[in-house]
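Here is the structure we will look at, set down as structure tokens.
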Amino acid sequence: MSKISIKNLNMSYRKKVLDNLDLELDSGQIVGLVGPNGTGKSTLLRILAGLEKTYMGEILIDGKKPDYNTYKEISYQADKFTLDEKLSVREVVKTYKKFFEDFDEDKFYKLFNEFKLPEDSKVSEMSKGMREKLQIALSLSRKTGIYLLDEPISGVDPSARKAIINIILNNFEEDSLLIISTHLISQIEPLLDRVLFLSEGKIYLNKTVDEIRSENNMGIEEYFTEVF
Numbered sequence: 008m009s010k011i012s013i014k015n016l017n018m019s020y021r022k023k024v025l026d027n028l029d030l031e032l033d034s035g036q037i038v039g040l041v042g043p044n045g046t047g048k049s050t051l052l053r054i055l056a057g058l059e060k061t062y063m064g065e066i067l068i069d070g071k072k073p074d075y076n077t078y079k080e081i082s083y084q085a086d087k088f089t090l091d092e093k094l095s096v097r098e099v100v101k102t103y104k105k106f107f108e109d110f111d112e113d114k115f116y117k118l119f120n121e122f123k124l125p126e127d128s129k130v131s132e133m134s135k136g137m138r139e140k141l142q143i144a145l146s147l148s149r150k151t152g153i154y155l156l157d158e159p160i161s162g163v164d165p166s167a168r169k170a171i172i173n174i175i176l177n178n179f180e181e182d183s184l185l186i187i188s189t190h191l192i193s194q195i196e197p198l199l200d201r202v203l204f205l206s207e208g209k210i211y212l213n214k215t216v217d218e219i220r221s222e223n224n225m226g227i228e229e230y231f232t233e234v235f
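In structure tokens, the structure reads:
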């Protein structure tokens, strides 16, 4: 049984964002969700996270229709910090512990220290890159089956991205599913097992990284640039 199964998914705002999208994803892989801006990547993640409910079509998570219980099995990181920026780090941790029973405080502080973040700071005192590191530490510190990260390294300077990628790799549970939405394809390519190319609301490509490389004799970013 697929970890995520999507059939005929449609979503519209003022225009159609997702167009009869079909997708099957299994556990045990890190998936890159890539495509031009405005093609529905964030919308797809928000639907899976249970934050968008006005879609049409069928979504199954572990064979079950999305409800409160399936949402608890998903760790979702938005592309912006969603808690009150006046909170301190310790207050953010208390909030996560209150809302998520699977949140591992010890793991969080381990990752937090690996990122070399200031523990006594308030979120408002952190740079965009520091907030993204904070969010990654929070997201990976939940014990769930599905992790959804929306543009997790867009605000991080290039020198820090390699360290972040290594931390994600070292903390990925092999029996889980991690989906990363990004436009920084070359930066996350070392992470990926599979790539989804999303354009005009449809999945135009769903292949493993090895398949793309062997069939086209080029890397993911080079292939993406040539195709789109």
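Going letter by letter, the sequence shown gives residues 8 to 235 in our numbering. No residue lacks a Cβ here, since even glycine has one placed at the ideal position from N, Cα and C.
Excluding sequence positions up to five away, which residues of its chain have a Cβ less than 6 Å from the Cβ of Gln-194? Counting from one through the sequence shown, the residue named residue 194 turns up at place 187. Within the same chain, Gln-194 has close Cβ partners Arg-168.
Pro-159: buried (16+ other C-beta within 10 angstroms of its C-beta) or exposed? Here residue 159 corresponds to residue number 152 of the sequence shown, with the count starting at 1. Counting Cβ neighbours within 10 Å, Pro-159 comes out buried, since at least 16 surround it.
I'd like the list of long-range same chain contacts for Lys-93, defined as Cβ closer than 7 Å, with 5 residues on each side in sequence excluded. Start at 1 with the first residue of the sequence shown, and residue 93 comes out as number 86. Here the set comprises Lys-129 and Ser-131.
Below 8 Å on the Cβ atoms is my contact criterion, and I expect Leu-176 with Ile-153 to pass it. Report the Cβ-Cβ distance as a whole number of Å. The residue given as residue 176 occupies position 169 in the sequence shown. The residue given as residue 153 occupies position 146 in the sequence shown. So it is not a contact: roughly 17 Å between Cβ atoms.
Helix, strand or coil: how does DSSP classify Ile-174 here? As a position in the sequence shown, residue 174 is number 167, starting the count at 1. Helix at Ile-174.
Arg-97, buried or exposed, once every other Cβ within 10 Å from all chains shown has been counted against 16: Translated into positions along the sequence shown, residue 97 becomes position 90. Exposed.
Terminal residues of the alpha helix (DSSP H) in which Thr-102 lies: What you label residue 102 is simply residue 95 of the sequence shown in a count that begins at 1. Per DSSP, Thr-102 belongs to the alpha helix (DSSP H) from 96 to 106.
If you follow the alpha helix (DSSP H) that Met-137 is part of, which residue opens it and which one closes it? Position 130 of the sequence shown, counting from 1, holds the residue named residue 137. Looking at the DSSP string, the run of the alpha helix (DSSP H) that includes Met-137 is 135 to 147.
Using 10 angstroms around the beta-carbon of Tyr-7, count the other beta-carbons present and answer buried if the total reaches 16, otherwise exposed. Only positions 8 to 235 of the chain appear in the structure, and residue 7 is not among them; the question remains open.
Alpha carbon to alpha carbon, how far is Glu-139 from Arg-21? Give it in angstroms, no decimals. Here residue 21 is taken as the residue at index 14 of the sequence shown, counted from 1. Here residue 139 is taken as the residue at index 132 of the sequence shown, counted from 1. Cα-Cα distance, rounded: 30 Å.
Determine the direct distance from the alpha carbon of Asp-86 to that of Thr-232, and round the result to whole angstroms. Sequence index remark: in the sequence shown, residue 232 carries index 225 (1-based). Sequence index remark: in the sequence shown, residue 86 carries index 79 (1-based). Thr-232 and Asp-86: Cα-Cα distance of roughly 23 Å.
The beta strand (DSSP E) that contains Lys-72, what's its start and end? Reading the sequence shown from its first residue, position 65 is the one you call residue 72. Lys-72 -> no beta strand (DSSP E), and no H or E assigned at all.
From what residue to what residue does the beta strand (DSSP E) around Val-202 run? Looking up residue 202 in the sequence shown gives position 195. First-last of the beta strand (DSSP E) with Val-202: 201 to 206.
Select from Asp-26, Ile-68 and Glu-112 the residue whose C-alpha is nearest the C-alpha of Thr-77. Start at 1 with the first residue of the sequence shown, and residue 77 comes out as number 70. Closest by alpha carbon: Ile-68.
Go through the segment 20 to 80 residue by residue and report every complete run of the beta strand (DSSP E) that reaches 3 residues or more, in order. 23 to 32, 36 to 41 and 63 to 68
Would you mind reading off the limits of the alpha helix (DSSP H) that contains Thr-215? Looking up residue 215 in the sequence shown gives position 208. Per DSSP, Thr-215 belongs to no alpha helix (DSSP H); it is in the beta strand (DSSP E), 209 to 215.
Would Gly-162 and Glu-196 qualify as a contact pair, given that the criterion is a beta-carbon distance under 8 Å? Looking up residue 162 in the sequence shown gives position 155. Looking up residue 196 in the sequence shown gives position 189. No, the Cβ-Cβ distance between Gly-162 and Glu-196 is not below 8 Å.
When the cut-off is 8 Å and only beta carbons count, does Ser-95 lie next to chain C? Checking the listed chains, one finds no chain C in this structure; it contains a single protein chain.
Close Cβ partners of Ser-82 (< 6 Å) along its chain, the five nearest in sequence each way excluded: Counting from one through the sequence shown, the residue named residue 82 turns up at place 75. Here the set comprises Ser-146, Arg-149, Thr-151 and Tyr-154.
Assuming Glu-222 contacts Ile-192 (C-beta within less than 8 Å), just tell me the rounded distance between them. One-based indexing of the sequence shown puts residue 222 at position 215. One-based indexing of the sequence shown puts residue 192 at position 185. Not a contact, Cβ separation roughly 17 Å.
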